[in-house]
Amino acid sequence: MRITQGAFSFLPDLTDEQIAKQIQYAIDKGWAVNVEFTDDPHPRNTYWEMWGMPMFDVKDAAGVMFELNECRKTYAGRYYIRVSAFDPSHTWESLRLSFITDRPAEEPGFALDRQEVAGRNQRYTTRSYAASTKPEGARY
Amino acid sequence: MSTIETAKPAEKKRDRYSAGVMEYRKMGYWQPDYEPKATDVIAVFRITPQDGVDAIEASAAVAGESSTATWTVVWTDRLTASEKYRAKCYRVDPVPNAPGSWFAYIAYDLDLFEPGSIANLSASIIGNVFGFKPLKALRLEDMYLPVAYVKTFQGPATGIVVERERLDKFGRPLLGATVKPKLGLSGRNYGRVVYEALKGGLDFTKDDENINSQPFMHWRERFLYCMEAVNRAQAASGEIKGTYLNVTAATMEDMYERSEFAKELGSNIIMIDLVIGYTAIQSMAKWARKNDMILHLHRAGHSTYTRQKSHGVSFRVITKWMRLAGVDHIHAGTVVGKLEGDPYTTKGYYDLCREDFVPQNLAHGIFFDQPWASTNKLMPVASGGIHAGQMHQLIDLLGEDVVLQFGGGTIGHPMGIQAGATANRVALEAMIFARNEGRDILAEGPEILKAAAKNCTPLKQALDTWKDVTFNYSSTDTPDFVPQVTAAE
């Protein structure tokens with residue numbers, strides 16, 4: 000399966016040229032771009048690991064692409080990598096764009112575990128096939 | 000001749016508090032020199048007086064009847080600081096190109112209103128006054144709500160920013176669909192539609208306004224099957240999904256019971272209809288804030304009083320009231336779809352939902368600067384007769400902080416519901432992607448969609464099926480200060 004988090008997961012995988020254009024769009028809006036990675040892509044895992052700090056002062060997408068490529072050297076193929084853009088302006092102060100740039104070669108996806116409880120009610124757990132049995136770093 | 004004209008007192012000079020009937024304008028409700036205070040609530044009404052009734056007197060009467068006045072002088076006014084409590088009409092302008100109607104500006108002292116109560120505000124402003132005989136018609140066009148009053152309300156339970164954080168979806172409109180047919184599906188069949196649509200790529204599905212608890216599907220059945228569908232789709236996509244469970248019911252007790260069950264099942268969003276009333280809406284907003292629930296409002300019923308320009312309440316006022324009342328989503332028009340919506344007027348509603356400060360803009364129907372003082376943003380929802388082929392127009396008109404709901408445009412896809420959902424999601428992502436790259440999506444939209452369809456057969460089929468569907472009728476509720484236009488071609 001293909002995890003479809005992020006703004007562009009329904010499009011074909013992005014080229015570096017395409018990624019750079021999206022990053023430049025965010026920079027031109029005054030947003031700080033950062034690179035994050037994880038091998039636990041549970042839909043409610045909010046805190047992916049940060050590849051350094053958000054790049055508040057980088058004005059050219061090339062600077063972010065450099066960091067993305069550095070991150071890829073360590074994690075590409077075994078981790079998900081995403082690019083996110085933070086808007087510090089009043090009443091937003093949150094992400095304004097986030098998309099996946101890299102994903103593991105194989106994506107086994109999630110099981111849905113059920114626990115039958117009172118009445119016809121069920122407790123659901125979304126369980127990652129990769130992350131539920133192996134420790135971080137050995138999952139993909 | 001009207002009652003209030005014939006009721007003129009005989010003597011030229013009489014004391015303000017002599018018993019009997021007196022013109023409203025002489026009772027203090029017309030004060031052309033009045034400068035509204037920073038804390039005054041201001042309303043602008045479109046008034047259409049009966050033949051022979053003077054516009055100023057009619058406007059003063061509206062001020063009187065929506066504040067302290069009754070039809071005759073009462074001595075008990077003198078026991079109060081009546082000058083403060085009288086609403087003051089301070090300006091009356093003819094409506095452009097509409098002989099016989101006027102815009103009346105009326106200022107109300109803040110002390111006239113209970114803090115944090117839409118019911119109290121509306122009981123004054125749209126209370127008895129709307130049936131007042133000397134007027135043929137009356138419409139509440141807009142209101143200025145001072146910060147001092149805005150701050151007495153909770154505002155949206157969740158707001159756009161936190162909703163996006165909870166859903167982990169940034170930088171693109173959210174996608175939804177209303178389950179169709181509206182009525183008749185069993186719980187099991189209903190959940191099937193939800194599962195297919197969410198798995199195919201939608202973020203949300205939605206109950207329709209009149210899906211409550213009927214013989215073909217009682218509410219618990221719907222909730223149970225819908226949450227099975229949501230959880231299955233979430234596992235299948237690795238994305239957060241949701242379905243608006245409509246908790247609208249006959250009593251608050253029933254609505255709380257349904258809301259609690261939705262929470263117990265792990266739903267992230269519930270829904271109510273506008274017809275439940277302002278107090279019930281505020282109660283549900285408090286409940287939603289307390290229970291980490293997103294609260295969707297379907298504006299069922301609003302067209303009975305918002306659509307005609309001569310009489311009723313403008314939807315921009317309802318939008319302001321609903322942002323105060325505390326809902327998180329509100330249906331605010333599509334412009335290009337099947338339901339009423341002039342582009343400029345609709346832009347005005349969207350601004351009132353999403354901006355922290357909305358400047359006066361008569362061309363958008365906005366009569367006053369409106370500060371929101373950090374009140375949470377309200378997510379507008381575009382729903383009704385829209386399809387993937389209009390994606391460029393929708394994003395151009397409505398921006399990215401909006402839920403685009405393609406009901407028929409998802410479920411009516413020739414290859415099925417999942418294909419319909421995928422077509423919409425691909426069209427959406429491709430258009431946002433192109434916009435961010437700096438392309439002129441309004442001009443190049445069809446081309447962008449065609450290119451995206453090369454990698455996506457469902458999108459190609461959607462474009463072929465609905466390519467010629469448009470709803471180009473002229474709108475009835477349009478701004479008075481610009482020439483009328485229809486939806487973008």
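Which chain is which? The protein sequence lines are Y and F, in order.
Mapping the first sequence onto numbering that gives the first Met the number 0, position 9 (from 1) lands on 8, and the numbers just tick up by one.
Mapping the second sequence onto numbering that gives the first Met the number 0, position 283 (from 1) lands on 282, and the numbers just tick up by one.
Every residue gets a Cβ at the ideal spot worked out from N, C-alpha and C, and that includes glycine.
Proximity below 8 Å, CB of residue i to CB of residue j
i	j	result
F:I329	F:L361	no
F:T242	F:C225	yes
F:L273	F:A299	yes
F:I41	F:F314	no
Y:W50	Y:C70	yes
Y:I22	Y:A75	no
F:Y89	F:Q30	yes
F:R424	F:I394	no
Y:T90	F:K376	yes
F:R322	F:P95	no
Y:F65	Y:V82	no
F:V128	F:V229	no
F:A57	F:I46	yes
F:G489	F:S65	No answer is possible for residue 489 of chain F: it lies beyond the span of chain F, which begins at 0 and ends at 488.
F:Y16	F:R85	no
F:V401	F:A429	no
F:K83	F:Y28	no
F:R438	F:I447	yes
F:H412	F:A461	yes
Cα-Cα separation between residue i and residue j, rounded to whole angstroms
i	j	result
F:D141	Y:T3	42 Å
F:G311	F:G130	11 Å
F:K7	F:I55	Per-residue confidence for F:K7 stands at a pLDDT of 49, beneath the threshold of 50, marking its modelled position as unreliable; the derived number appears in the next sentence. Spanning the two alpha carbons is a distance of roughly 15 Å.
Y:D12	F:G237	17 Å
F:F44	F:S81	23 Å
F:I124	F:T344	22 Å
F:S473	F:P342	11 Å
F:I239	F:E162	11 Å
Y:P53	Y:R102	21 Å
F:V316	F:Y348	9 Å
F:F102	F:V72	26 Å
F:L244	F:H391	30 Å
F:R306	Y:N44	45 Å
F:N188	F:I410	13 Å
Y:A130	Y:I26	33 Å
F:T421	F:K132	56 Å
F:P445	F:G388	7 Å
Y:A137	Y:T14	27 Å
F:G383	Y:F109	34 Å
F:A232	Y:V34	27 Å
F:L109	F:I268	34 Å
F:T491	Y:Y128	Outside the displayed span of chain F (0 to 488) sits residue 491 of chain F, for which this structure offers no information.
F:V468	Y:G5	31 Å
F:G183	F:G407	16 Å
Beta-carbon contacts of residue i that lie in its chain and below 8 Å, excluding the five residues immediately before and after
i	result
Y:K28	A84, D86, R95
F:F222	L244, R257, F260, A261, L264, S266
F:K466	G388
Y:E135	D38, D39
Residue i: first and last residue of the uninterrupted alpha helix (DSSP H) it sits in
i	result
F:K262	251–263
F:V316	314–324
F:L393	390–397
F:P445	440–453
F:Y189	186–199
Y:K20	15–27
Y:P87	From DSSP, Y:P87 is part of no alpha helix (DSSP H); its letter is neither H nor E.
6 Å Cβ shell around residue i - same chain, five flanking residues per side excluded
i	result
F:Q281	A324
F:P35	I41, A106
F:D207	T177, K181
F:A9	Legend: pLDDT at F:A9 = 49, less than 50; position of this residue unreliable, value from coordinates given subsequently. Cβ neighbours of F:A9 beyond the five flanking positions: none.
Y:T132	none
Nonlocal neighbours in the same chain, by C-beta distance under 7 Å from residue i, ignoring five residues either side
i	result
F:Q417	E195, K198, G199
F:E220	G186
Y:L111	Y123, T125
Residues that residue i bridges to, as DSSP identifies them
i	result
F:I293	F:I268
Y:C70	Y:C70 is not bridged to any residue.
F:Q404	F:G175, F:S382
F:Q369	F:V357
Where the beta strand (DSSP E) through residue i begins and ends
i	result
F:L139	134–143
Y:V32	31–37
F:N245	241–245
F:S474	First-last for F:S474: undefined, no H or E at that position.
Y:T45	Where Y:T45 is concerned, there is no enclosing beta strand (DSSP E), given that its DSSP letter is neither H nor E.
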